[in-house]
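Residue numbers (my numbering): 32 to 255.
One structure is given below, encoded as structure tokens.
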């Protein structure tokens with residue numbers, strides 16, 4: 032199945048405030064029930080096991096209101112996660128109800144110093160990027176992290192696309208009904224991830240497949 036880039040409506044805030052809120056709530060459901068939070072949880076557990084650390088500072092890029100970081104933080108106890116949320120649009124970050132620090136900024140030019148966080152993470156973001164943008168973002172993530180850059184995203188597949196179309200009645204927002212199939216069409220597959228990450232400074236890359244066409248990618252800053 033060939034990758035087909037397509038604009039997603041939520042990216043451009045193409046909807047009313049109510050529609051945008053409903054779409055963000057759809058994403059919360061997707062991440063809670065269909066492998067999103069579980070994939071990030073599994074990756075951080077792997078980093079904890081490899082490093083022996085039990086406390087991490089985490090920059091979550093394209094974080095929205097922080098629903099998935101909240102859920103992962105609760106699930107991973109007693110491992111401590113100290114999150115900072117970053118999103119290009121301050122309106123996506125909510126009103127601070129997550130309790131996490133918040134930054135508005137560009138994922139392709141992170142407004143942070145080198146080695147600022149133990150982990151830089153993202154969820155359902157990189158499929159929005161072209162291959163060239165992906166490499167820029169990955170280089171930025173590896174620059175800002177001290178230990179690992181984590182990618183949680185969809186896997187492109189005809190069966191995955193069929194499942195999304197079957198699940199469209201479950202979505203509350205017309206934005207999600209448009210964006211969900213578009214996300215699958217422009218998602219990457221593991222081989223493409225490896226090829227792109229070879230253009231970065233990653234010392235090693237681990238990729239694992241998870242429930243319902245999710246992949247967890249760990250780009251290690253150095254061999255651990």
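Glycine included, C-beta positions come from ideal geometry on N, C-alpha and C.
Fair warning: this is a prediction, and the values are worked out from it, not measured in the lab.
Open item on the list: Only counting the same chain, and skipping five residues up and downstream in sequence, which positions put a Cβ closer than 7 Å to that of residue 234?
Closed with: 251, 252, 253 and 254, listed in sequence order.
Open item on the list: Would residue 93 and residue 129 qualify as a contact pair, given that the criterion is a beta-carbon distance under 8 Å?
Closed with: The answer is no: Cβ separation not under 8 Å.
Task: Backbone secondary structure at residue 43 - three-state DSSP - done: Helix, per DSSP.
TODO: Taking residue 243 as the reference, give the member of 229, 222, 80 and 185 with the closest Cα.
DONE: That would be 185, whose Cα lies nearest to the Cα of residue 243.
Open item on the list: Let me confirm a value: residue 227 is counted as buried when at least 16 other C-beta atoms fall within 10 Å, else exposed. Which label applies?
Closed with: When all chains shown are included, residue 227 counts as buried.
Open item on the list: With the cut-off set at 8 Å, would you say residue 232 and residue 143 are in Cβ contact?
Closed with: The answer is no: Cβ separation not under 8 Å.
- [ ] Could you pull out every residue in the same chain whose Cβ sits closer than 7 Å to the Cβ of residue 217, ignoring the five residues on either side in sequence?
- [x] Sequence-distant Cβ neighbours of residue 217 in its own chain, meaning closer than 7 Å and more than five residues away, are 34, 35, 36, 37 and 158.
TODO: Could you tell me which residues DSSP puts in a beta bridge with residue 151?
DONE: For residue 151, the beta-bridge partners assigned by DSSP are 90 and 180.
Task: Residues that DSSP places opposite residue 84 in a beta bridge - done: Under DSSP, no beta-bridge partner is assigned to residue 84.
TODO: Can you tell me which of the three DSSP states residue 115 falls into?
DONE: DSSP places residue 115 in strand when its eight states are reduced to three.
Task: Segment limits, beta strand (DSSP E) that includes residue 256 - done: Nothing in the structure corresponds to residue 256, since the chain is present only between 32 and 255.
- [ ] Taking only the alpha-carbon atoms, compute the straight-line gap between residue 178 and residue 145 and give it to the nearest angstrom.
- [x] Taking the Cα positions, residue 178 is about 12 Å away from residue 145.
- [ ] Quick one: grab the DSSP three-state call for residue 233.
- [x] If DSSP states are grouped into helix, strand and coil, residue 233 belongs with coil.
Open item on the list: My parser needs the alpha helix (DSSP H) runs of 4 or more residues fully inside the region 156-230; what are they?
Closed with: Counting only runs of 4 or more, we get 162-175, 189-198, 205-216 and 221-228.
Task: For residue 183 and residue 247, believed in contact at Cβ under 8 Å, the rounded distance - done: Indeed they touch by this definition, with Cβ atoms about 6 Å apart.
Open item on the list: Alpha carbons only, please: which of 32, 106 and 171 is nearest the one belonging to residue 151?
Closed with: The candidate whose alpha carbon is nearest that of residue 151 is 171.
Task: Boundaries (first-last residue) of the beta strand (DSSP E) holding residue 245 - done: Looking at the DSSP string, the run of the beta strand (DSSP E) that includes residue 245 is 245-251.
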